[in-house]
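Okay, structure first, notes after.
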Amino acid sequence: MRPPTRREFIGASAAGVCMMSMPSFLAGCAKTAPIESAVTPANPFLTWFGVDEAVIRSVLSELTARGADQAELYFQHSRSSSLTLEDGIVSNASSSVDLGVGLRCVVGDQTGYAFTEDLTLESMLQAARTASSIAQAGGGPAIEAFRYKEHKGLYTLVQPLSDVGVAAKLPLIEKIAAQAQAADPAVEKVRVLWSDYEEHVLIADMTGAMHMDVRPMTRVWCTVTARKGEETQSNSSNLAGRRGFDFYDQEQIDLLVKQAVDRTMILFEARRPPAGEQPVVLAAGASGILLHEAIGHGMEADFNRKGISIFADMVGKKVSSEHVTIVDSGVEPSERGALNVDDEGVPTQYTKLVENGIMKGYLHDGISARHYGVEPTGNGRRESFRFAPVPRMRCTFMENGPHTAEEIIATVKNGIVAETFTNGQVKIGAGDFTFYVKNGWLIEDGKKTAPIKDTNIIGNGPDVLSKITMVANDFRLDTGGWTCGKDGQGVPVSQGLPTTLVSSITVGGEDA
Amino acid sequence: MPDIDMLLERAQQAVELCKTAGADNAWANASRNRSVEFTTRDGKLEKVQESTSRGLSVEIYAEGRYSSHSTTDLRPENLQAFIAEAVALTKALQPDPFRFIPDPALFEGRPAVDLDLVDPALGQVTQAQRQQWCEAMDAAAGAHDKVISTESTVQDDSYMSAAASSNGFTGTKAETGIWFVSSVSLQDEGDKRPSNYDYLGGHFVSELPDPTVVGQGALERALARLGSVKGPTGAETIVVDRRAAGRLLGSLLGPASARSIQQGRSFWAGKIGQPLASDKLTIIDDPLLVRGFASRLFDGEGIAARQLPILEAGVAKNVYVDTYYGKKAELQPTTGSPSNRVITLGDKDLEALLAQVGAGIYVTSWLGGNSDGTTGDFSFGLEGHLIEGGKIGACVGEMNATGNLVDLFMHLSAVGNDPWKYSSTLVPTLVFEGVQISGA
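Respectively, the protein sequence lines represent chains A and B. Each step along the first sequence adds one to the number in this note's numbering, with nothing skipped, and position 163 is 175. Each step along the second sequence adds one to the number in this note's numbering, with nothing skipped, and position 375 is 398.
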């Protein structure tokens, strides 16, 4: 059962939602055996999926036999693996292989969808008939010649993940655990999770375009439990991206371990901030969760095409300070939200949602772009071949502003700094959104004083945008592994922010 | 051969493949799910999705080592290679003195109960019928001049799985489900477009309500959100609606596992026999509820299902213990995962509880927030209504409730008599005293 109106933004440390437990020792067995076909596949992606042009032509023809404004086959093969260290040993590994094709037929704003894990012609034709059942009449265009486009550039790895064996990963995991264990005498337990994931995607659309992309993803996650007397605290940190094994060098390990240990140890000193409305300084980096919830989801064009987003009538209007430019970009190299091409075959781009305080435009997939008569923005994404694509964010962030972090904090009499986060959520129509602050600081008389913890912040999107009063020049993208959930689909995203001041928002604290 | 027997054969073959590839022991699970989703918006077809999905997972025990794997690529030559790689991988790990395949003694005593989870009539539901239901939901949901848009879905699944192990376990499971979901967006003052939804369903087509009930429910729940304002900051009595109370119980029970305790990340550590809630709260994990949403005859390790008291009059009685963390924590396995949670009921319904409370906040749903399983500290966003003169008053939102879960449940002052039956957590209305609320 998935309630249809909630959009959850699920952080790395939320339980049970890490769809990315994915790594890679299964190189050899991943390759699928070709099925019989008349023509020898020329393209390596066709070989990968065991199909050829004749098969694709025939399935597309069935899919569009009753008419279509948009139709495509989304072939996907993914391979994932993970290794877990607990109580000093790497004692658990897991892997998975997923293979299938999703078939979609769109007429106007109506969608027929089917998928199959069985890539035989018979099974794909059956799925095509199911998906095309929404169409009424007419036929699709005959494809004259297929046009191949392998999309590259944002995350091509020096060494494919399938070439990195368990023998290479074990020392990395052990090193991280040993460093975390040694970092503080109070550290009692350390858990390290490594995961890697690689997918091959082939999108064959009704016009004959064939889009190909190889998408890697890695993550390493360190959880620390520490004890002082009777008190136990735990916290974690993770690094993620479309990066190769070589990324995780000593510098990155040091950073990961330091974050995990520092964020845990500070909890022994941390308390709750005062409850109620107050100024909140969002620290540079992961605070981009504010943008994701406060504006990002509301700017996904499906909600606006249907008239159910609080931002449905705001394009062209001033929504925030002139210092505020908000972007959703698919082209940030190696980041978790990077995509060479979206899941409809549209190359991604740098899309401005707000420029100098003015609302610019929505995040589009093919359906919404046709509805509005604009070009798609490369935001049509899906979790896997089991889902039809919908408009989704990629890397969402704010560009630098004119202030400095120090001057922003100095202007706050009483408030908080929000530094690390676990999760957030938004109601698209009412505009109310939340994010959960795991670590932060109290500000008293313009200075950071005591550490704070476990505080939910709740606000209303347009209201909070209008209360962004200062933006610093210290922008950075967060490298934690964020997953965004919508309509039951999880996709990897990134977020970033320069230090930013929201003049007033409701903070879940104690002792008001 | 019936489908479920084919799944069992597939699982048994996978166990054999693991053994042939060098595993000492293996556990395999094969599953299949047929799923249909039919959605209309404003009475017009929006999306139709149909699929039959399959999967195979294996757990491998080899040379004192362990790993788990899953695949949807079931072509024989690929499956064989997949399993051979998986066994080779297992052997490259470090040996773990605590890792054993579940003890066959735990498989014994599987209850001979018909849980009644499968409706053969589900296969006869037609797309025309689904469309008619959706149109009826949309029509009822849209019957108000503030409605911007409605969306209604019929979703049904037919799931079956079979498991087998190298130490003698076999078991199969089948389940069907069909649900009505309807959501409504309304035009409020300014740009606000509050929305809400309703859903009802069950394992059986015959359990479905009149679809207009779900449409009307969605509309009423959306209308209740009009004119929402931020409520006050302060310590309040909160009455938590039965649909929202499951989130609090889930947070309280989340760390109640041998895994969390052994890993040092649970406020349940050392608390068996100690109070973790007021004496109003008694919770039993009951896998044997007929037509329950998490009912089962055995768990993921094959452990025969039985009732497990979790809290009795507020005192912690048991936690969820699987084979592996049970060995590590020196606890007897109970079951590794929750099933249905049944709460002992009080004697008042929502209306009577609101009247009893007089003033406070009636929480209808949570928005975001989280809790720390190690310490129990929580902070949740909420929306609902003020309680004024013992009745539901002004619509409020954009607020948080913050505190510690154990402290919160120690302040549980009343439990309703109205369990929410459309969930595996059958929780009634709950009343808590002195909860820190932050708003305006």
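All C-beta atoms, glycine included, are put in the ideal place defined by N, C-alpha and C.
Check	Outcome
Rounded separation between B:Arg122 and B:Ala37 - CA only	21 angstroms
Three-state class that DSSP yields for A:Pro46 in the structure shown	With a pLDDT of only 33 at A:Pro46, under 50, the local geometry of the prediction cannot be trusted, and the value read off the model is given with reservation. If DSSP states are grouped into helix, strand and coil, A:Pro46 belongs with coil.
Nearest-angstrom Cα separation, counted from A:Glu411 out to B:Ser301	50 angstroms
Buried or exposed by the 16-neighbour rule on C-beta atoms within 10 Å, applied to A:Pro35	Confidence is the limiting factor: at A:Pro35 the pLDDT is only 24, short of 50, which leaves the residue's position unreliable, though a coordinate-based value still follows. Result: buried.
DSSP three-state assignment for A:Pro414, whether helix, strand or coil	coil
Nearest-angstrom beta carbon gap, B:Phe61 and B:Thr176 [assumed within contact, 8 angstroms]	7 angstroms
Inter-residue Cα distance where the pair is A:Gln193 and B:Ala44	37 angstroms
Contact under 7 angstroms by Cβ, A:His163 with A:Val358	no
Proximity test, Cβ basis, 7 angstroms: A:Asp444 and chain B	yes
Residues from the stretch 103-127 of chain A in contact with chain B, defined by Cβ distance under 8 angstroms	Ser103, Asn104, Ala105, Ser106, Ser107, Ser108, Val109, Asp110, Leu111, Gly112, Asp121, Gln122, Thr123, Gly124, Tyr125, Ala126 and Phe127
Rounded Cβ spacing between B:Trp73 and B:Val59 (contact assumed at less than 8 angstroms)	For the sequence presented, residue 73 of chain B should be read as Glu rather than Trp. Sure, about 5 angstroms apart at Cβ, within 8 angstroms.
Amino acids of chain A, ordered along the chain, whose beta-carbon sits closer than 9 angstroms to that of B:Met422	Ile470, Thr518 and Gly520
Cβ contact check for the stretch 440-456 of chain A and the stretch 386-401 of chain A: 3 or more pairs under 8 angstroms	no
Cβ-Cβ separation, A:Val331 to A:Ser478 (assumed contact under 8 angstroms), whole Å	7 angstroms
Alpha-carbon to alpha-carbon, B:Ile366 and B:Arg314	17 angstroms
Counted within 10 angstroms of its Cβ, other Cβ atoms place B:Thr452 as buried (16 or more) or exposed	buried
Below-7 angstroms beta-carbon distance, B:His226 vs any chain A residue	no
DSSP-derived helix/strand/coil call for A:Phe445	strand
is_contact[B:Asp430, chain A] using C-beta, thresh 7 angstroms	no
Alpha carbon of A:Glu522 to alpha carbon of B:Gly426, nearest angstrom	7 angstroms
Coarse secondary structure for B:Leu116, derived from DSSP in three states	coil
is_contact[A:Lys270, chain B] using C-beta, thresh 7 angstroms	no
CB contact flag (A:Pro291, A:Leu454, <7 angstroms)	no
Cβ of A:Ile480 within 7 angstroms of any chain B Cβ	no
Proximal residues of chain B, C-beta to C-beta of A:Arg78 below 8 angstroms	Residues of chain B passing the Cβ test: none, with the nearest at roughly 13 angstroms.
For A:Thr491, the nearest candidate out of A:Val204, A:Gly165, A:Met229 and A:Met224 (CA to CA)	A:Met229
Under 7 angstroms from the C-beta of A:Met136: neighbouring residues of chain B	Within 7 angstroms Cβ-Cβ: nothing; A:Met136 doesn't reach chain B, min ~13 angstroms.
Local Cβ density within 10 Å of A:Thr44, reported as buried at 16 or more and exposed below that	The predicted model places A:Thr44 with a pLDDT of 33, which falls under 50 and marks its position as unreliable; any figure quoted below should be read in that light. A:Thr44 is buried by the Cβ-count criterion.
Chain A residues whose Cβ lies nearer than 7 angstroms to that of B:Gln459	Ala287 and Glu522
Minimum Cβ-Cβ distance from A:Gly441 to chain B less than 7 angstroms	yes
Per-residue DSSP class, three states only, for A:Met218	coil
Neighbour list for A:Thr385 in chain B, Cβ cutoff strictly below 9 angstroms	A small correction: the amino acid at residue 385 of chain A is Gly; Thr does not occupy that position in the sequence shown. None at all; the shortest Cβ gap to chain B is about 20 angstroms.
Cβ contact check for the stretch 196-214 of chain B and the stretch 73-84 of chain B: 3 or more pairs under 8 angstroms	no
Status (buried if at least 16 other CB within 10 Å, exposed otherwise) for A:Thr518	buried
Short Cβ contact (7 angstroms threshold) for B:Met422 with B:Gly392	no
Beta-ladder partner(s) of B:Met422, from DSSP	B:Leu405
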